[in-house]
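The structure under discussion appears below in the form of structure tokens.
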Amino acid sequence: MDTYAVILGMALVTYATRAPAIFLLSRRLPSALERFLGHIPAAVFAALVAPPLLAPEGSLTLGLPAVAAIPAAAVAWRTRQVFPTILAGMGSYWVLRWLAG
Amino acid sequence: MAREAMNPASPSNTPPPAPRFRHGFVAVAPLVPGVAAFALVYGVVARQVGLSLLATTMMSALVFAGAAQFTAVSMWGLASGALIVVTTLMINLRHLLMGASMAPHLRGQSATWKALLAFGLVDESYALAISRYLRGEGSREFFLGVNVALYVAWVLSGLTGGVLGGLVMQPARWGIDLVFPLAFLGLLVPLLTRPVTGAVAAASGLVAVVAAPWLPGKGNLVLAILLGSGVGTALEAWWTPTR
Numbered sequence: 006m007d008t009y010a011v012i013l014g015m016a017l018v019t020y021a022t023r024a025p026a027i028f029l030l031s032r033r034l035p036s037a038l039e040r041f042l043g044h045i046p047a048a049v050f051a052a053l054v055a056p057p058l059l060a061p062e063g064s065l066t067l068g069l070p071a072v073a074a075i076p077a078a079a080v081a082w083r084t085r086q087v088f089p090t091i092l093a094g095m096g097s098y099w100v101l102r103w104l105a106g
Numbered sequence: 372m373a374r375e376a377m378n379p380a381s382p383s384n385t386p387p388p389a390p391r392f393r394h395g396f397v398a399v400a401p402l403v404p405g406v407a408a409f410a411l412v413y414g415v416v417a418r419q420v421g422l423s424l425l426a427t428t429m430m431s432a433l434v435f436a437g438a439a440q441f442t443a444v445s446m447w448g449l450a451s452g453a454l455i456v457v458t459t460l461m462i463n464l465r466h467l468l469m470g471a472s473m474a475p476h477l478r479g480q481s482a483t484w485k486a487l488l489a490f491g492l493v494d495e496s497y498a499l500a501i502s503r504y505l506r507g508e509g510s511r512e513f514f515l516g517v518n519v520a521l522y523v524a525w526v527l528s529g530l531t532g533g534v535l536g537g538l539v540m541q542p543a544r545w546g547i548d549l550v551f552p553l554a555f556l557g558l559l560v561p562l563l564t565r566p567v568t569g570a571v572a573a574a575s576g577l578v579a580v581v582a583a584p585w586l587p588g589k590g591n592l593v594l595a596i597l598l599g600s601g602v603g604t605a606l607e608a609w610w611t612p613t614r
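Residue numbers (our numbering), protein chains in the order written: chain G, 6 to 106; chain L, 372 to 614.
This is the structure:
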């Protein structure tokens with residue numbers, strides 16, 4: 006698939022999540038569906054976080070990325086911001102790598 | 372004006388359109404550095420996975436969805452274009468809920484205003500605009516002001532990151548690929564305020580790791596997201612017996 010076709014597709018599906026409710030909705034969604042949709046962000050982020058940190062080579066390994074994630078998670082909890090989290094994680098990772106030789 | 376009559380706040384207390392737009396700008400200012408920094412990282416990593424500066428910037432300008440763009444870039448070259456689009460849809464489904472809660476406040480606005488405000492409906496703008504509306508001080512101009520400030524910061528910082536990303540050499544040496552899970556960790560952790568969300572995250576993360584060898588091309592993500600959200604929905608139905 007062409008790069009620009011993917012970008013256009015992303016743009017269309019994104020707008021398709023933002024506009025219809027504003028234009029059409031006069032009542033609430035069924036509560037079970039609403040709950041399901043509400044849980045998706047956490048599920049998405051966890052699915053993206055776990056494999057590279059906990060199983061970088063495919064199987065469960067507690068290596069440097071997993072250890073570096075601990076201070077990063079603490080910073081994420083305190084600041085609720087992405088950028089400080091990345092700085093804390095990368096900083097810890099570089100220090101750990103230097104210590105490990 | 373009909374719009375003023377709908378507003379619970381007294382019309383005489385509501386400033387005219389231009390100041391309301393400016394108030395939106397001012398209200399979002401504290402959030403702009405965080406958004407700009409995220410966009411900067413997006414721009415850098417988008418170039419690292421091989422997107423051109425034009426494609427990097429065009430994605431920001433047309434999609435305008437941080438988490439989804441970041442996810443797309445992290446999957447770039449590893450998953451099919453179709454799966455990237457489907458994943459974008461899943462990540463942005465939450466906007467459906469935000470749109471639904473915003474809808475009553477935008478009733479009576481023209482289609483042009485609705486279309487414009489819907490494009491800018493992101494987590495940050497939703498949070499600011501809905502809190503104003505709930506206090507009876509909301510307006511389309513305020514919402515638009517927030518959207519424009521966020522959009523300009525997002526696109527320009529992404530462009531800047533894209534220029535810088537073209538200069539960084541040997542990404543693997545610096546462990547740049549670790550930026551992706553760390554960014555998602557930064558998005559995930561603030562969401563973990565309820566036990567049920569912790570269960571969703573644990574289930575999804577576990578499934579993503581376990582299913583990875585059997586579902587290549589990031590198919591494990593789809594399974595993990597559906598099962599994780601399903602676990603959360605089931606637990607909530609079980610814990611809160613609402614009939």
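Don't be surprised by glycine CBs; every beta carbon is placed ideally from N, CA and C. Keep in mind the model is a prediction, meaning the values are calculated, not measured.
Taking all protein chains in view, the Cβ of Arg-23/G is crowded by 16 or more other Cβ atoms within 10 Å, so the residue is classified as buried. Near chain G, meaning a CB-to-CB distance below 8 Å, the residues of the region 487 to 501 of chain L are Leu-488, Ala-489, Phe-490, Leu-492.
For Gly-529/L, the enclosing alpha helix (DSSP H) has its first and last residue at 511 to 536. In this structure, the straight-line span from the alpha carbon of Leu-606/L to that of Leu-467/L is close to 22 Å.
Scanning Leu-515/L, Ile-501/L, Leu-499/L for the CA closest to the CA of Arg-393/L turns up Leu-515/L. Ala-520/L places its beta carbon less than 8 Å from that of Val-399/L. The C-beta separation of Ser-496/L from Val-517/L comes to about 5 Å, placing the pair in contact by the 8 Å criterion. DSSP, read as helix, strand or coil, puts Val-100/G in helix.
Using a Cβ-Cβ cut-off of 7 Å, Pro-56/G is close to Ala-579, Val-580, Ala-583 of chain L, given in chain order.
Phe-555/L is positioned such that its CB atom lies closer than 8 Å to that of Val-54/G. With at least 16 other beta carbons inside 10 angstroms of its own, Gly-532/L counts as buried.
If you ignore the 5 residues before and after Trp-484/L, its C-beta comes within less than 7 Å of the C-beta of Arg-511, all in its own chain and listed in chain order. For Leu-59/G, the closest C-alpha among the options Val-571/L, Ala-471/L, Leu-558/L, Val-581/L is that of Val-581/L.
For a cut-off of 8 Å, the C-beta gap from Arg-503/L to Phe-513/L is around 6 Å, short enough to register as a contact. Using a Cβ-Cβ cut-off of 8 Å, Glu-62/G does not count as an interface residue toward chain L, since no Cβ of chain L sits closer than that to its own. In the displayed model, Ser-64/G falls within coil according to three-state DSSP, outside both helix and strand. The alpha carbon of Ala-16/G has as its nearest neighbour, out of Leu-538/L, Ala-489/L, Ala-570/L, the alpha carbon of Ala-489/L. Chain order gives the chain G residues near Ala-426/L as Thr-8, Tyr-9, Ile-12, where near means a beta carbon separation below 8 Å.
Residue state for Pro-390/L is assigned as helix, using DSSP reduced to three classes. Between Thr-458/L and Gly-529/L, the CB-CB gap reaches or exceeds 8 Å. If the five residues before and after Leu-402/L are omitted, its C-beta is found closer than 6 Å to the C-beta atoms of Glu-495, all from its own chain and listed in chain order.
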